[in-house]
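The structure appears below as structure tokens.
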Amino acid sequence: MAGAVAVIAAAGETQVPDDVVDEILVRLPSRSSLARAAAACSAFRALVSSPRFLRRHRAHHGPCPGALLGSFAFSSEGGAFHPAEPPHASAAAARAVAAAADFSFAFLPPSPVVGDDDPRRGLGWIVRDHRDGRFLLDRVASLDDNVFPELAVCDPLSRRYVVLPPIPRELAAAVDRPLGVIGGRRRCEPFLAPCDADADADAESEPAFAVIWTARCPRRHRSPFGCPVHAVWERRFYAHGCFYWLDCLTHRWLVLDTRAMEITVKQIPSPAGYWEEHVAVVEGEDGKVGVFAHDFYHAGGEACLYYYTIVDGGDGPRWRLERTVPLPWSAAHGRPYSIRAAANGSLILEVSHGTPAFMTSYRSRDVELYRIDVKSFELEMICRARCAAGDIAWAYFGFPPLLSLPTV
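Below, the structure written as structure tokens:
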């Protein structure tokens with residue numbers, strides 16, 4: 001209805017101006033509330049799904065990562081989105097995203113291959129990172145030219161993408177013989193950084209994002225890390241403005257503060273002999289840095305997770321145990337679960353029944369994915385999935401297509 005929206009009141013039908021309805025709906029606290037409003041009538045649906053309204057809603061309430069909709073994994077076999085399944089609260093939204101998005105990234109520029117004998121054949125796009133609905137991919141012209149690949153940031157839901165400009169020559173010249181990652185296929189580690197909150201909250205601004213390019217170069221002096229560097233470097237976590245890499249053997253944390261763009265090494269003694277793959281840093285409540293950790297073996301076969309926060313002590317920062325989270329799986333004959341991913345205060349666990357977790361990492365397997373968050377500490381099943389060998393996974397947060405803004 002042009003100019004007004006019909007509202008059925010106790011006294012009969014009255015006319016409420018569109019601008020008043022707009023001001024009422026923009027004050028709804030979340031996009032899940034908007035989804036319920038959209039189901040009320042076609043006029044509400046048209047209003048709350050418009051990009052202009054969604055930008056106003058975001059500006060009014062601040063950026064929000066959305067609900068956990070599933071997990072995305074990438075391996076040599078390609079990418080796969082594992083959507084949440086019933087009875088998960090986000091199952092319907094996850095199905096809608098799975099149907100609408102192109103997680104094969106076929107909309108990206110094709111590789112310039114001219115024939116079956118072209119040496120560039122098979123050197124397509126590789127997913128390097130995911131954050132806030134965006135994916136960072138790269139591709140190389142040849143396996144020998146894998147230090148400065150072509151980078152693209154894209155949104156598989158809107159099918160929009162941006163190919164990033166190359167790194168300036170004066171900066172590239174400072175990189176000295178970087179070491180290989182992901183099996184030697186690359187010699188750099190680019191990743192997405194969180195958006196500037198002020199820019200992202202602007203109702204009229206274009207989507208903003210940042211990409212950080214890193215590489216590991218040989219040192220003349222002894223490394224500050226005691227374990228193999230790749231074990232530290234390949235496990236990156238983010239919490240409250242900082243990226244973290246942990247070396248549990250020497251108790252050293254490499255910290256990148258994205259606000260000051262400064263790197264520091266902190267000594268934070270671990271309370272137990274945890275391995276790097278058994279630890280995940282998460283965003284805790286009230287701006288705290290949280291850590292989920294588990295033992296390699298569980299005495300008595302009772303599986304559990306430990307949740308710590310990093311606090312300042314008299315002798316420097318330390319781990320403080322906040323909670324022990326019991327898990328329902330027996331660990332009498334080997335631990336059936338492993339840490340899959342961490343994001344937005346949530347930990348994603350992979351569970352492989354009947355097979356110890358450390359035996360399944362590099363082969364295809366049927367698993368169940370679960371979530372634990374730092375607010376409720378309740379275990380919530382996400383979905384069942386077929387995971388490829390050696391894949392890399394990210395937790396996927398977002399909104400149903402109706403309420404999603406392009407992120408690129």
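In terms of the UniProt record's numbering, the sequence shown opens at residue 1 and continues consecutively.
Cβ coordinates follow ideal geometry from the N, Cα and C atoms, glycine included.
Since this is a predicted model, take the numbers as computed values, not measurements.
Determine the direct distance from the alpha carbon of residue j to that of residue i, and round the result to whole angstroms.
{"i": "A2", "j": "P65", "result": "Low confidence applies here, because A2 scores a pLDDT of 38, under 50, leaving its location unreliable; read the following figure in that light. A2 and P65: Cα-Cα distance of roughly 33 Å."}
{"i": "V97", "j": "F397", "result": "11 Å"}
{"i": "V289", "j": "V140", "result": "36 Å"}
{"i": "A101", "j": "S75", "result": "19 Å"}
{"i": "K375", "j": "A299", "result": "27 Å"}
{"i": "F209", "j": "Y238", "result": "15 Å"}
{"i": "D138", "j": "D145", "result": "12 Å"}
{"i": "D257", "j": "P401", "result": "33 Å"}
{"i": "P168", "j": "W253", "result": "30 Å"}
{"i": "I8", "j": "R159", "result": "Low confidence applies here, because I8 scores a pLDDT of 36, under 50, leaving its location unreliable and the question unanswered by this model."}
{"i": "G284", "j": "I212", "result": "24 Å"}
{"i": "D295", "j": "E277", "result": "10 Å"}
{"i": "M261", "j": "I310", "result": "21 Å"}
{"i": "R187", "j": "C217", "result": "9 Å"}
{"i": "D366", "j": "D155", "result": "28 Å"}
{"i": "M381", "j": "V351", "result": "10 Å"}
{"i": "A389", "j": "A80", "result": "12 Å"}
{"i": "A393", "j": "D247", "result": "21 Å"}
{"i": "F105", "j": "L123", "result": "14 Å"}
Since residue i sits in a beta bridge, which residues does DSSP pair it with?
{"i": "M261", "result": "Answer is none; M261 lacks a bridge partner."}
{"i": "E380", "result": "R371"}
{"i": "Y161", "result": "C154"}
{"i": "W394", "result": "F72"}
{"i": "F237", "result": "Y244"}
{"i": "L136", "result": "D129, V153"}
Looking at residue j and residue i, is the spacing between their C-beta atoms short of 8 Å?
{"i": "R335", "j": "L349", "result": "no"}
{"i": "residue 411", "j": "A37", "result": "Residue 411 cannot be examined here, being either before or after the span of the chain that is shown, 1 to 408."}
{"i": "F191", "j": "P166", "result": "no"}
{"i": "E234", "j": "V279", "result": "no"}
{"i": "R259", "j": "W245", "result": "no"}
{"i": "residue 418", "j": "V282", "result": "The requested residue 418 does not occur in the structure, where the chain is confined to residues 1 to 408."}
{"i": "C387", "j": "P83", "result": "no"}
{"i": "L136", "j": "R185", "result": "no"}
{"i": "residue 471", "j": "S49", "result": "Outside the shown range of the chain, which is 1 to 408, sits residue 471, and nothing can be said about it."}
{"i": "I372", "j": "L321", "result": "no"}
{"i": "Y337", "j": "A293", "result": "no"}
{"i": "A172", "j": "L164", "result": "no"}
{"i": "P406", "j": "C195", "result": "no"}
Could you check which residue in the options has the C-alpha nearest to that of residue i?
{"i": "residue 419", "options": "L402, W329, H57", "result": "Here the chain comprises residues numbered 1 to 408, so residue 419 is not present and cannot be evaluated."}
{"i": "T324", "options": "F377, A332, R95", "result": "F377"}
{"i": "D176", "options": "R45, A215, L143, S142", "result": "A215"}
{"i": "L93", "options": "L305, G70, F107", "result": "The sequence as given places Ala at residue 93; Leu does not occur at that position. With distances taken between Cα atoms, A93 lies closest to G70."}
{"i": "W275", "options": "R259, T264, V291, L249", "result": "L249"}
{"i": "H57", "options": "R45, S30, E170", "result": "S30"}
{"i": "A193", "options": "A172, L151, E150, D132", "result": "D132"}
{"i": "P86", "options": "V408, Y370, F105, W394", "result": "Y370"}
{"i": "L54", "options": "V291, R27, A80", "result": "R27"}
{"i": "K266", "options": "L305, P317, L405", "result": "P317"}
Next on the checklist: In chain order, what are the residue ranges of uninterrupted beta strand (DSSP E) at least 3 long that sit wholly in the stretch 29-82?
Outcome noted: 67-75
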